[in-house]
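Asker: Same order as they appear, the protein sequences are chains A and B.
For the first sequence, the residue numbers in my numbering are 11 to 668.
For the second sequence, the residue numbers in my numbering are 11 to 668.
Cβ atoms here follow ideal geometry from the backbone N, Cα and C, with glycine treated the same way.
There are 2 protein chains.
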Amino acid sequence: SVNPDLGSERQTASFGVEKLTALLDGGAEQTRIRRAVVEAIESDPVFSRENQYFQTQNERYEAAVRKAVHLQKKMHEMGWTENGPEYKYIYRALSGDVAFLLHRVFMRSISVLGSDKQIAKWIPLATQHKLIGSYAQTELGHGTYLQGLETTAVFDTATQEFILNTPKISAMKWWPGDMGRSATHTVVFAQLYVHGKCYGIHPFIVQIRSLQDHSLCPGVTAGDIGPKMNFEHIDNGYLLLKNVRIPRENMLSKFCEVRPDGTYVRQGSQKINYFTMTTVRISLISDEVLTPLMKACTIAIRYSVVRRQSKLKPGEQEAKILDYQTQQEKLLPQLAAAYAFHFINDYLQELFNRGYREIQRKNFDMLPELHALSSGFKAVITQHCTAGVEICLRACGGHGYSLLSGLPSLYTKILASCIYEGENTILLLQTARFLIKCFMAASAGQPVPPSVTYLAAVKHGKCPAKNKLDFLSPDIYTEAYQHVALRLTSSTAAKLQDLIQSGVKKHDAWNQCTVQLVQAAKAHCHYIAVKNFAETVEKLETKAGIQKIMKHLCDLFALHGIFSNTGAFLHDGYTSAAQMDMVTASYLDLLAVIRKDAVPLVDAFDFTDKSLNSALGSYDGHVYQRLYEWAQKSPTNQMSPAYERYLKPLLHNTLSKL
Amino acid sequence: SVNPDLGSERQTASFGVEKLTALLDGGAEQTRIRRAVVEAIESDPVFSRENQYFQTQNERYEAAVRKAVHLQKKMHEMGWTENGPEYKYIYRALSGDVAFLLHRVFMRSISVLGSDKQIAKWIPLATQHKLIGSYAQTELGHGTYLQGLETTAVFDTATQEFILNTPKISAMKWWPGDMGRSATHTVVFAQLYVHGKCYGIHPFIVQIRSLQDHSLCPGVTAGDIGPKMNFEHIDNGYLLLKNVRIPRENMLSKFCEVRPDGTYVRQGSQKINYFTMTTVRISLISDEVLTPLMKACTIAIRYSVVRRQSKLKPGEQEAKILDYQTQQEKLLPQLAAAYAFHFINDYLQELFNRGYREIQRKNFDMLPELHALSSGFKAVITQHCTAGVEICLRACGGHGYSLLSGLPSLYTKILASCIYEGENTILLLQTARFLIKCFMAASAGQPVPPSVTYLAAVKHGKCPAKNKLDFLSPDIYTEAYQHVALRLTSSTAAKLQDLIQSGVKKHDAWNQCTVQLVQAAKAHCHYIAVKNFAETVEKLETKAGIQKIMKHLCDLFALHGIFSNTGAFLHDGYTSAAQMDMVTASYLDLLAVIRKDAVPLVDAFDFTDKSLNSALGSYDGHVYQRLYEWAQKSPTNQMSPAYERYLKPLLHNTLSKL
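1) 7 Å is my cut-off, CB to CB: does His493(A) come that close to chain B?
2) Near Val462(A), which residues of its chain fall below 6 Å by C-beta distance, leaving aside the five closest residues on each side in sequence?
3) Using a cut-off of 8 Å between C-beta atoms, extract the partners of Asp245(B) located in chain A.
4) Between Arg59(A) and Asn623(A), which are expected to be in contact by the criterion C-beta below 8 Å, what is the C-beta distance as a whole number of angstroms?
5) Which residues of the segment 519-536 of chain A have a Cβ closer than 7 Å to any Cβ of chain B? Give them in chain order.
6) Look at the alpha carbon of Thr169(A) and the alpha carbon of Glu259(A), and state the distance between them as a whole number of angstroms.
7) Buried or exposed for Ala347(B), please, with buried defined as at least 16 other CB atoms from any protein chain shown within 10 angstroms of its CB.
8) Using the C-alpha atoms, what's the distance from Val75(A) back to Asn647(B)?
9) Would you identify the three-state DSSP class for Phe172(B), choosing helix, strand or coil?
10) Going residue by residue through the segment 282-362 of chain B, where are the continuous alpha helix (DSSP H) segments of at least 4 residues, counting only ones entirely within it?
11) Keeping to the same chain, check which residues put their C-beta closer than 8 Å to that of Val528(A); ignore five residues upstream and five downstream.
12) Below 9 Å on C-beta distance, what does Cys428(A) contact in chain B?
13) Strictly under 7 Å for the Cβ-Cβ distance: is Ser105(B) near chain A by that measure?
14) Quick one: which unbroken beta strand (DSSP E) runs of 3-plus residues sit fully inside the segment 192-276 of chain B? Chain order, please.
15) Compute the Euclidean distance between the alpha carbons of Thr154(A) and Ile292(B), then round it to the nearest angstrom.
16) So, helix, strand or coil for Asp166(A), using DSSP?
17) Mind reading off the beta-carbon distance from Thr585(B) to Ala490(B)? Whole number of angstroms is fine, and I expect it under 8 Å.
18) If you measure between the beta carbons of Val672(B) and Glu431(B), is that distance less than 7 Å?
19) Taking C-alpha atoms, which residue in Val197(B), Arg317(B), Arg318(B), Asn253(B) lies nearest to Ser263(B)?
20) Mind checking Ser105(B): buried by the 16 CB within 10 Å criterion, or exposed?
21) Nearer than 6 Å: is that true of the beta carbon of Leu566(B) relative to any heavy atom of the ligand FMN?
22) If contact means a Cβ-Cβ distance below 8 Å, which residues of the segment 55-77 of chain B contact chain A?
23) Can you pull the DSSP bridge partners for Tyr464(B)?
24) Run through the DSSP bridge pairs and tell me what Ala146(A) is partnered with.
25) Which of the three DSSP states, helix, strand or coil, is assigned to Ser385(A)?
26) Note down, in chain order, every chain B residue with its Cβ under 7 Å from the Cβ of Glu433(A).
27) Taking 8 Å as the limit between beta carbons, can you name the residues of its chain near Asp15(A), skipping five residues before and five after?
28) Would you mind telling me which residues of chain A sit closer than 7 Å to Ala490(B), beta carbon to beta carbon, in chain order?
29) For Ile369(A), which residues of its own chain have a beta-carbon under 7 Å away from its beta-carbon, when the five flanking residues on both sides are left out?
30) Residues in its own chain within less than 6 Å of Ser666(A) by CB, not counting five upstream and five downstream?
31) Answer with buried or exposed for Tyr597(A), where buried requires no fewer than 16 other C-beta atoms within 10 angstroms of its C-beta.
32) Nearest chain A C-beta to Gly158(B) closer than 7 Å, yes or no?
33) Tell me the rounded alpha-carbon separation between Ala398(B) and Gln344(B).
34) Residues in its own chain within less than 6 Å of Ala389(A) by CB, not counting five upstream and five downstream?
35) List the endpoints of the continuous alpha helix (DSSP H) containing Glu52(B).
36) Against chain A, with Cβ distances strictly below 7 Å, would His394(B) count as a contact?
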């Protein structure tokens, strides 16, 4: 039985929920496959996450290892393969709660950076789990700036070995997943030295634990880096190397090789390498960023139609909190963003596939644009979605703060995405560098990549909107976004040039512009996201009300962005104050429109109760029962020694009855 | 030995750090007393928080109970009393990591709501810890809206008892601290029924656990609500009551009494009651909100001068990350906000003290203003400081994400302050209601309270600033803030009236304006905060560079607010685009100025290493050593059964040497 306060929300859906789910999945067949995977995983008790919120870090780690081992069997049993259509749904179905994710990165780095011979040796061993791999790049003192890594690999011609050392505490490898307790091998990034000369950072395969008894190898000190805000299930590790010797053949040598006599040979193009980071940044968006935001929206919106608080109208029943404008203003823009970013993810995937095909034809022309877009969107989407999950959490009040709501762990996990795979500010500055470069090129009449051709067209027009309905026209708002993105890039480029012309050194001038450069990069991505959403909507089928509701969400996404950042649009008078009041009016109107479909819009994400793992977000909406039943199972409801030890002596003198 | 990268920052302080500490404490004598308390607490191993990040929820609870019991002894031993000057520093010195905080709320509610006879009976018992009290107001289904509480207390004339029930699952008491496992008594808020008539919410003292063996009393079901985002040390509880009978004398009856025959008598003024919430909201600002932000700033800023990453200038050493403009833009506004809110806290305390004196003279005139300011500032400060702590965390990258940085628990704890003691959006709407009321009164020529007299003076001027230095004039920016606050209140009042005049019902019209009402309330508080900071700076002594550096921080606080919210200032043309560019220029200049004093400015907060409990924030700045040493002690570095159970069988076929 469904809570009637939730059930009634579903009866008035303006569109076909199943149709929308299929659209999100990329077709009804994909939906079918995904559901089959979810069903297989969720019906298997080994993969249960039921006790997750009660477990210690050690218990989480053990469960993740157990699941990873069991997953091998499960895949075999189900006939799923790494190249099959089911594979991409497994991780989502497990909610990422599984070990050995770095084993895959270990394998990928060998495939990409290793010679054919190395691939032939290591990949089968890894595939059959005859070793457990990790990937050791980040150091205690060094993250983003790879050139600064301090670990060294010195070639010893006499023994034909590399001698690896982490010479200072800041050189210690720190953070690699699966390395703290599980891994037997890892790819170590180190400064290569031959005959006293440094050749920069190179990757080396290093065995760190015995394959017989799992003890640490000679010269290796390794362990777990301890408690984190989330990822309790992962044994992020540290690694100290003291004169650890590995054979010459263990340097991954697709691009560079050290010959037996110490000759250093560079071969092939490393540009593809550059492409790998792009791949990783795009691939994390879906599972690590969009899914958590979609889950958070599902939980918060379902809860907001079940929770009643205070009265909207005197004499009536207490109102559903989603009927309050302020609650709509918190949650519905997050819902719109989830859809907007889902579609931009499709766009990036497509761009990426096209880029990949070109690269295979040795055409690297698309790389700079791909790098700029993947960096910028990684930053913008992770930032936006992290803020969105936090808003969902806070919008559920005290119950959102309970781990049993599922929201705290969604938040603490997604937060990490702002930091890993390139810290967001640094990524935005890379996008900005691309924008400035393209702006200069465009100004000089040179050709620029498709996503930035707008930088060539400096316009001084005004927004033509005459009433609030005009702001529901994608042309109107897309143009406004474009105008802002162009203005921010061009004004920052001008500031940069002025500073340099006034004698400030180039790097100082750049630093003095970085706050504004970050703004420009964000505005660029926001513009592309709005434009892409509008174009996507235009192409949708009009059946089953899908296009109509997506149009509303697109409008909301666009107008929320303007409403939250009015200064950027007002600055040079492109939008007038009167027009801004129209934006506000249209924006607030839209909230009331979308509120009616809010529950069907989250139902379309198609999360099972098990995957939400939330007392607030279940499909049937029986929030209070679930919170109570679940709380009773908490280890904090077992006997505590605190009474005998502390409370009894404290209360010793009390009257038995007051 | 201090890390030279940190040490050098202290040598160039432009002001006397010790002087500033004394200013923050309210005098050198206060500093002395505070340090003595901190020293006494921190040198006592029972109060250690060293293992906190490694402990389970159960371990945290037991430690907190042990500390609470030990604190009684300690206070006796040290000669500290609840009325002594040391008392207010104890909680800060313990970093709140102690049980029985609700016991104090239990006592206060009896003092405020109980008759003289009840006070005489219960307060000595509570003072001597012959019982442990809690405070049970919030229910599973009911928070802010007290009238909606569902717990009932029916008077039985025959037995002269109240019969208490939580008739539905949503009526279950949920969240009360100390109630899950410790409390023997609690104050229950319930709907009073006499002879079938409901008299609304009243407080009742209810015994829930035996004083002999701590077992639950008949009809009582209680336990712990399970894991939360923080507050692991507190046993937040649930409570079900089934026909629990308590004597007539247990209804707290200072204001209302039920006579033996069932006659309901109301006596005295309940206005003071209203004042209690105000007290709580103001009192939480310092310990629960400002201290965490100050700690987060200390940790992040010290780390940012020790961490080096990438190169600012080619050929040079990697740069301190605080030398990057983007890092300054993240952290320094948080530092400025910490000072701004410290001074507004002083202002609120003073206003509160004045209000309290008036109330004791039966003059309740100040109550509406006090309520509006305490509600608004509770919301604005908790929101701003929570966001600030999150920014500090993210600004420390991966190391900020480790629990050992101290930042995650500062964040997860401060986040709760946005929810408890009045959810922020609801509080802001209360402030807004006051603003609209005062605006209408002022428009009609009626007198209004001092903090809102500006609402009477509708001005249509323009900002007079001519160059970027003009924006370092407090008159200029304070006036701009005032203008915005007035505009937002007056335009929302106008929208409200228009809607009502066009036939929309009053409550619907209000709901349709709430997003904008929240903006108006925030703008009002922001204006008061800027004005108060500027006035405070003016009164400071000029010695030891204190006034000068505080002036810089005040400017930064004000300009950051404009820079982050340009639309509000540009909207009606009060500030022009050219002036906004001046604001930006002055703002970015200030970052570079304050960056020089950043470390001394956090040193002045005077946190000990033990109170920060952070591997990143220690006074000596040896970040990497501390992370490594600490990680080695983590329980995740003990032997795990995962190897024998899962890894060994997985790796069974492996060659012993690859």
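Answerer: Quick answer:
1) Taking the first residue of the first sequence as position 1, residue 493(A) is located at position 483. So, not an interface residue.
2) Your numbering for residue 462(A) matches position 452 in the first sequence. Cβ neighbours of Val462(A) beyond the five flanking positions: Cys448.
3) For the purposes of this step, residue 245(B) is identified with residue 235 of the second sequence, where counting begins at 1. Going along chain A in sequence order, the residues near Asp245(B) (Cβ under 8 Å) are Thr646.
4) One-based indexing of the first sequence puts residue 59(A) at position 49. One-based indexing of the first sequence puts residue 623(A) at position 613. Confirmed, Cβ separation roughly 5 Å.
5) Asn521, Gln522, Thr524, Val525, Val528
6) Translated into positions along the first sequence, residue 169(A) becomes position 159. Translated into positions along the first sequence, residue 259(A) becomes position 249. So the two alpha carbons sit approximately 12 Å from each other.
7) By 1-based counting over the second sequence, the position of residue 347(B) is 337. The residue is buried, with at least 16 neighbouring Cβ atoms inside 10 Å.
8) In the second sequence, residue 647(B) corresponds to position 637, counting from 1. In the first sequence, residue 75(A) corresponds to position 65, counting from 1. For Asn647(B) and Val75(A), the distance between alpha carbons rounds to 16 Å.
9) Residue mapping note: residue 172(B) aligns to position 162 of the second sequence, counting from 1. Looking at Phe172(B) - three-state DSSP - the assignment turns out to be strand.
10) 301-316
11) Position 518 of the first sequence, counting from 1, holds the residue named residue 528(A). Correct list, in chain order: Thr435, Leu438, Leu439, Ala442.
12) Indexing the first sequence from 1 puts residue 428(A) at position 418. Correct list: Arg404.
13) Reading the second sequence from its first residue, position 95 is the one you call residue 105(B). No, its Cβ sits nowhere closer than 7 Å to a Cβ of chain A.
14) 195-204, 207-217, 230-234, 247-251, 254-257, 266-268, 274-276
15) On the first sequence, position 144 is the one that residue 154(A) refers to. On the second sequence, position 282 is the one that residue 292(B) refers to. Taking the straight line joining both Cα atoms gives about 43 Å.
16) Counted from its first residue, the first sequence places residue 166(A) at position 156. Three-state result, Asp166(A): strand.
17) The residue given as residue 585(B) occupies position 575 in the second sequence. The residue given as residue 490(B) occupies position 480 in the second sequence. Confirmed, Cβ separation roughly 6 Å.
18) What the structure shows of chain B is the stretch from 11 to 668, and residue 672(B) is not part of that stretch, so it cannot be assessed.
19) In the second sequence, residue 263(B) corresponds to position 253, counting from 1. The shortest C-alpha separation from Ser263(B) is found at Val197(B).
20) In the second sequence, the residue the question calls residue 105(B) occupies position 95. With 16 or more Cβ atoms within 10 Å of its Cβ, Ser105(B) is classed as buried.
21) This structure simply doesn't include the ligand FMN, nor any ligand for that matter.
22) Tyr63, Phe64, Thr66, Gln67, Asn68, Tyr71, Glu72, Val75, Arg76
23) Along the second sequence, one-based indexing puts residue 464(B) at 454. DSSP lists no partner for Tyr464(B).
24) Mapped onto the first sequence, residue 146(A) falls at position 136. Paired residues: Val198(A).
25) Taking the first sequence and counting its residues from 1, one reaches residue 385(A) at position 375. DSSP places Ser385(A) in helix when its eight states are reduced to three.
26) Against the first sequence, residue 433(A) aligns to sequence position 423. Ordered by position in chain B, the residues that pass the 7 Å Cβ test against Glu433(A) are Gly407.
27) The residue given as residue 15(A) occupies position 5 in the first sequence. Taken in chain order, the residues that qualify are Val315, Val316, Arg318, Lys330, Gly631.
28) On the second sequence, position 480 is the one that residue 490(B) refers to. Correct list: empty, because the minimum Cβ distance to chain A is about 13 Å.
29) To locate residue 369(A), count along the first sequence from 1; it is residue 359. If we look at Ile369(A) and ignore the five residues flanking it on each side, its Cβ neighbours are Ile282, Phe285.
30) Residue 666(A) sits at position 656 when you count from the first residue of the first sequence. Caution is warranted here: a pLDDT of 47 is assigned to Ser666(A), below 50, making its placement in the model unreliable, and the coordinate value is therefore given only provisionally. Once the five neighbours on either side are set aside, Ser666(A) has no close Cβ partner at all.
31) Here residue 597(A) is taken as the residue at index 587 of the first sequence, counted from 1. Flag for Tyr597(A) reads buried.
32) By 1-based counting over the second sequence, the position of residue 158(B) is 148. Output row for Gly158(B): interface = yes.
33) The sequence position of residue 398(B) within the second sequence is 388, counting from 1. The sequence position of residue 344(B) within the second sequence is 334, counting from 1. The sequence given here has Gly at residue 398(B), not Ala. Going by the C-alpha atoms only, they are around 6 Å apart.
34) As a first step, residue 389(A) must be located in the first sequence, where it is residue number 379. Taken in chain order, the residues that qualify are Asn434, Leu437, Leu438.
35) Numbered from its first residue, the second sequence carries residue 52(B) at position 42. Counting along the chain, the alpha helix (DSSP H) containing Glu52(B) begins and ends at 38-52.
36) As a position in the second sequence, residue 394(B) is number 384, starting the count at 1. With 7 Å as the cut-off, His394(B) does not count as an interface residue toward chain A.
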